[in-house]
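Numbering (our numbering), first residue to last: 4 to 171.
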Amino acid sequence: MENSVIVKTEKRLSNVALFLLCTLATVGIGLAVSYCSGIFGRVANSANLPFIIPKWLVIATPPILFFHLGLALYFVLRENVYTDNGKMVRGWTWAFWITLFIATAITPFFIYHNMPTAAYIMSSITTALALGTTILCYRQSIAAGVVMTVFLVVVGLIMIYLGYWAFA
């Protein structure tokens, strides 16, 4: 009787390995893409922005945003997906998260190549994707939802600033 019970075991990464994989990969790839847009070379040429932002803040914002994305991904992946509609929610989360990652990585290109309207449009798309990702993250993990709420607030403030730059 005891031998007839089937136990399903899965080999999963430890929490530390999953955390390092999610955060380091997200920050590394994200910074490679966003810094290739010319942040370092064009920070000195940011006189066209409506009011001066400290250079350290301009350089520090992408790593902070990508760290939040990686941390939210870690919290989501830690959770069990075998719930009602869990796999569907996980699939939509991946779709939104990847699209949000790409939008966050390419937005600095438009800012530092003096394209205010394009930067505002990309920032608006990023904010909308952040809102959708936040909602999906709350469905899977409260911690991921809280991290994405912070991300959403920061991206929303950036969108307001870029809207002022584009239309003022």
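Glycine included, C-beta positions come from ideal geometry on N, C-alpha and C.
Buried versus exposed call for residue i [16 or more other C-beta atoms within 10 Å across all chains shown]
i	result
residue 133	buried
residue 125	buried
residue 4	Here the model assigns residue 4 a pLDDT of 48, short of 50, so the residue's position is not dependable and the matter cannot be decided.
residue 28	exposed
residue 106	buried
residue 79	buried
Inter-residue Cα distance where the pair is residue i and residue j
i	j	result
residue 19	residue 114	35 Å
residue 64	residue 81	26 Å
residue 90	residue 24	22 Å
residue 148	residue 73	13 Å
residue 96	residue 70	17 Å
DSSP-derived helix/strand/coil call for residue i
i	result
residue 57	coil
residue 39	coil
residue 118	coil
residue 20	helix
residue 146	helix
Would you say the segment 116 to 124 touches the segment 144 to 160, given that touching needs at least three Cβ pairs under 8 Å? The answer is no - the segment 144 to 160 does not touch the segment 116 to 124, with fewer than three Cβ pairs under 8 Å.
As an exercise, report each continuous beta strand (DSSP E) stretch of at least 3 residues that is fully enclosed by the segment 65 to 97, in chain order. Entirely contained in the segment 65 to 97, not one beta strand (DSSP E) run reaches 3 residues.
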